[in-house]
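S.K.:
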Amino acid sequence: MENKAVINKIIPFSNVDGPGNRVAIFFQGCNANCIYCHNHETINMCTTCLICVKKCPVGAITFINGKVNYDEKKCIECDTCIKICPNSSSPRTKEYTVEELFEIIQEYKLFISGITVSGGEATLRADFITELFKKVKTLGLTSFVDTNGFFNKNHLSNLIQVTDKFMVDIKAVSQIKTLCRSSLENNLENLKYLLKLDKVYEVRTVIIEEYMDIENTINVVSNILKDYPEVIYKLIRVHSSGLSQKQKQLMEKHIPSKEYVKELAGKVQKIGVKKVEYIL
Numbered sequence: 694m695e696n697k698a699v700i701n702k703i704i705p706f707s708n709v710d711g712p713g714n715r716v717a718i719f720f721q722g723c724n725a726n727c728i729y730c731h732n733h734e735t736i737n738m739c740t741t742c743l744i745c746v747k748k749c750p751v752g753a754i755t756f757i758n759g760k761v762n763y764d765e766k767k768c769i770e771c772d773t774c775i776k777i778c779p780n781s782s783s784p785r786t787k788e789y790t791v792e793e794l795f796e797i798i799q800e801y802k803l804f805i806s807g808i809t810v811s812g813g814e815a816t817l818r819a820d821f822i823t824e825l826f827k828k829v830k831t832l833g834l835t836s837f838v839d840t841n842g843f844f845n846k847n848h849l850s851n852l853i854q855v856t857d858k859f860m861v862d863i864k865a866v867s868q869i870k871t872l873c874r875s876s877l878e879n880n881l882e883n884l885k886y887l888l889k890l891d892k893v894y895e896v897r898t899v900i901i902e903e904y905m906d907i908e909n910t911i912n913v914v915s916n917i918l919k920d921y922p923e924v925i926y927k928l929i930r931v932h933s934s935g936l937s938q939k940q941k942q943l944m945e946k947h948i949p950s951k952e953y954v955k956e957l958a959g960k961v962q963k964i965g966v967k968k969v970e971y972i973l
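With positions in the sequence shown counted from 1, the corresponding number in the working numbering is that position plus 693.
As structure tokens, this is what we get:
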């Protein structure tokens, strides 16, 4: 039986998902449900509720043989289906085999430095990605994993071995349940493990007021990263663009000032982190 995975989208040329120009592949499915998620349509699998079938203005989504079908040629990318989905999912996903994804990557191999898998949470499909990365290595490309850090490292030994670098989101330290609505709390343990293996390219923390322990998280992460001068620590000011109206109303009450994020970056530098970036 062929190894298959549900993919939300593929970006052929991305310069924000690791170093250089990269093919970014977003897997469907996540083990968290963060308050500020900007890829909320990647969290869950389609439940076939058929709301999107009824609401699509151009008939690009249909229900045939017990399955929701998406016609890319008809789609006008109005995102109505994503905005109205009650399940944080999308009907615009596609199932791929490893070989099918590899063929797509091959088309761009002369113009990219590597690939990055994201999501959702890509590590949920560690078996699939491990197989894909092994094939990508034959093209001379690097393979990165973008992760929230909530995984069982003992189940990921094969994936970790074939991955060049991880990009880890440390979303919070003591308020993970509030922010991520998840019972998983092993993100720092996994970060330290990957750092010791020289497998971390970048660590990111999105700054949002009230829902996270900002100062505590920044201090804890900075004191870990100060011993790894090659690793980037990126602070990201939460924003409301691209979110649903309900999410926007929530976010706008908790967006920190630009000055505060700059102040935090200064604190990170004082602790001893060599590579500090912030996005306002």
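Heads up, the beta-carbon is just placed ideally off N, CA and C, and yes, glycines get one too.
Quick caveat, the model's predicted, so the values are computed rather than measured.
Under 7 angstroms Cβ to Cβ from C727, same chain only, skipping five residues before and after it: list those, please.
M.R.: As a position in the sequence shown, residue 727 is number 34, starting the count at 1. Hits under 7 angstroms: K864, L872 and C873.
S.K.: Residue range of the beta strand (DSSP E) that S683 falls in?
M.R.: The displayed coordinates of the chain run from 694 to 973. Any statement about residue 683 would go beyond what the structure contains.
S.K.: So if DSSP puts R785 in a beta bridge, which residue, or which two residues, is it bridged to?
M.R.: Counted from its first residue, the sequence shown places residue 785 at position 92. DSSP output for R785 lists no bridge partner at all.
S.K.: Check whether the segment 746 to 756 touches the segment 889 to 908, taking contact to mean three or more Cβ pairs, one atom from each stretch, closer than 8 angstroms.
M.R.: no
S.K.: Please confirm if the segment 732 to 742 is in contact with the segment 787 to 794, defined as three or more CB-CB distances below 8 angstroms between the two stretches.
M.R.: At 8 angstroms Cβ cutoff, the stretches do not touch.
S.K.: If I measure Cβ to Cβ from D764 and keep anything under 6 angstroms in the same chain, skipping five residues before and after, which residues do I get?
M.R.: By one-based count along the sequence shown, residue 764 stands at place 71. Hits under 6 angstroms: A753.
S.K.: Can you tell me the Cα-Cα spacing of V838 and N845, whole angstroms?
M.R.: The count along the sequence shown starts at 1 and reaches residue 838 at position 145. The count along the sequence shown starts at 1 and reaches residue 845 at position 152. Rounded to whole angstroms, V838 to N845 spans 15 angstroms at the Cα level.
S.K.: Taking the Cβ atom as the reference point for each residue, do I700 and A717 lie within a distance shorter than 7 angstroms?
M.R.: Translated into positions along the sequence shown, residue 700 becomes position 7. Translated into positions along the sequence shown, residue 717 becomes position 24. No. Outside cutoff.
S.K.: Could you tell me which uninterrupted beta strand (DSSP E) segments, each at least 3 residues in length, are contained entirely in the segment 709 to 735, listed from first to last along the chain?
M.R.: 715 to 720
S.K.: For the beta strand (DSSP E) that Y801 lies in, which residues bound it at each end?
M.R.: Stepping through the sequence shown from its first residue, residue 801 is reached at position 108. Premise fails: Y801 lies in the alpha helix (DSSP H), V791 to Y801, not in any beta strand (DSSP E).
S.K.: Report the three-state DSSP secondary structure of N762 (helix, strand or coil).
M.R.: Counted from its first residue, the sequence shown places residue 762 at position 69. Of the three classes helix, strand and coil, the one that applies to N762 here is strand, per DSSP.
S.K.: Is DSSP giving S875 helix, strand or coil here?
M.R.: Position 182 of the sequence shown, counted from the first residue, corresponds to residue 875. In this structure, S875 counts as coil in the three-state DSSP scheme.
S.K.: Near N762, which residues of its chain fall below 6 angstroms by C-beta distance, leaving aside the five closest residues on each side in sequence?
M.R.: One-based indexing of the sequence shown puts residue 762 at position 69. Only T755 meet the Cβ criterion.
S.K.: Would you report the Cα separation of I869 and N879, rounded to the nearest angstrom?
M.R.: Along the sequence shown, read from residue 1 onward, the residue named residue 869 stands at position 176. Along the sequence shown, read from residue 1 onward, the residue named residue 879 stands at position 186. I869 and N879: Cα-Cα distance of roughly 10 angstroms.
S.K.: Report the partner residues of V838 according to the DSSP bridge assignment.
M.R.: By one-based count along the sequence shown, residue 838 stands at place 145. According to DSSP, V838 bridges with V810 and F859.
S.K.: According to DSSP, is S933 helix, strand or coil?
M.R.: Working through the sequence shown from its first residue, we reach residue 933 at position 240. Three-state DSSP puts S933 in coil, outside helix and strand.
S.K.: With DSSP run on the structure shown, which of helix, strand or coil describes E908?
M.R.: Counting from one through the sequence shown, the residue named residue 908 turns up at place 215. DSSP places E908 in helix when its eight states are reduced to three.
S.K.: Could you confirm whether any beta carbon from chain B is found closer than 7 angstroms to the beta carbon of C873?
M.R.: Checking the listed chains, one finds no chain B in this structure; it contains a single protein chain.
S.K.: Helix, strand or coil: which one does DSSP assign to E945?
M.R.: Within the sequence shown, numbered from 1, the residue matching residue 945 stands at position 252. Residue state, collapsed to three classes: coil.
S.K.: For the beta strand (DSSP E) that contains A698, what are its first and last residues?
M.R.: Indexing the sequence shown from 1 puts residue 698 at position 5. A698 -> beta strand (DSSP E) spans K697 to S707.
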